[in-house]
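Visitor: In this note's numbering, the protein residues as written are 39 to 312. From the three backbone atoms N, C-alpha and C, an ideal C-beta is built for every residue, glycine too.
(1) Give every residue of the same chain whose Cβ lies closer than 8 Å to the Cβ of residue 185, excluding the five residues on either side of it in the sequence, and list them in chain order.
(2) Rounded to whole angstroms, how far is the Cβ of residue 62 from the Cβ of residue 120, which I believe are closer than 8 Å?
(3) Taking the C-alpha atoms as reference points, what is the distance between residue 243 and residue 207?
(4) Spatial neighbours of residue 192 within its chain, please: CB distance less than 6 Å, with the 5 preceding and 5 following residues excluded, ordered by chain position.
(5) Can you tell me whether residue 274 is helix, strand or coil according to DSSP?
(6) Decide yes or no for the touch test of the region 289 to 298 against the region 65 to 84: beta carbon pairs closer than 8 Å, at least 3 of them.
(7) Assuming residue 183 contacts residue 116 (C-beta within less than 8 Å), just tell me the rounded distance between them.
(8) Nearest to residue 87 by CA position, among 209, 44 and 113, is which residue?
(9) For residue 246, name the three-state secondary structure that DSSP assigns.
(10) What would DSSP say about residue 150, mapped onto helix, strand or coil?
(11) I'd like to know whether the C-beta atoms of residue 166 and residue 249 end up nearer to each other than 8 Å.
(12) On the CB-based measure, 16 or more other CB atoms within 10 Å of its CB, does residue 176 come out buried or exposed?
(13) Compare the Cα-Cα distances from residue 281 to each of 47, 44, 53 and 273 and report the closest residue.
(14) Apart from the five residues on each side of it in sequence, which residues of its chain come closer than 6 Å, Cβ to Cβ, to residue 205?
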């Protein structure tokens, strides 16, 4: 069940990143990011109220808030990178480094002990995500933003995974509050960019609500699965923007990207079995 929830989180995140990347090319990335976090806050609060929680400790809310800081940083740089760089590069680069940092901390600091098959899946995932980006090692447009976003991705996943299961979804709601506060100064600097037509506002809010849904699914997965495995499975989301780019934007896929997508599928099976 935990693996299925983590994979569902990956699907949601893949769609959100694709939609956010497209929107960031039509309106300023600061507007997409800030309004998106407001949309995420609304969904997270509604979900937290609908799903009963046992005991919510202050530590759970603090872990959620720290996760929200990571989310805010990740989305700021990810959307900025997607506004100018190739989607097939920025998203995978952020995921490659983010998953590497998350798994390393989960094993060395938090004491996670994945099985042999899961270890093999983890080993396959990192190069698979790298090849999804085309095997590019150079600092292309948006690559630096993708690397900066990866630090936020790692903080987001690791911190949220520390919240107690009895706290329900309140850590996610606390995280959205923290993300809004972190992004507020940047939004204030681009206040004029936030004056958007109603349709664009709804799009940005919906994308943020989708991102919050992805986090909700990840939190439920982390409560049922080893953190290192949940992080890696959830981080398979870059494959989806590549597929959507092929199907909807008629982008061409390179041989390294095809190899990476195949490797991501193999890693999914290994991690599920492990």
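Guide: Well, looking at it:
(1) 131, 132 and 135
(2) 5 Å
(3) 19 Å
(4) 136, 139 and 140
(5) coil
(6) no
(7) 7 Å
(8) 209
(9) helix
(10) coil
(11) no
(12) For residue 176, the pLDDT reaches just 46, beneath the cut-off of 50, and the residue's location in the model is therefore unreliable, although a value from the coordinates is still provided. Exposed, by the Cβ-count rule.
(13) 53
(14) 91, 94 and 98
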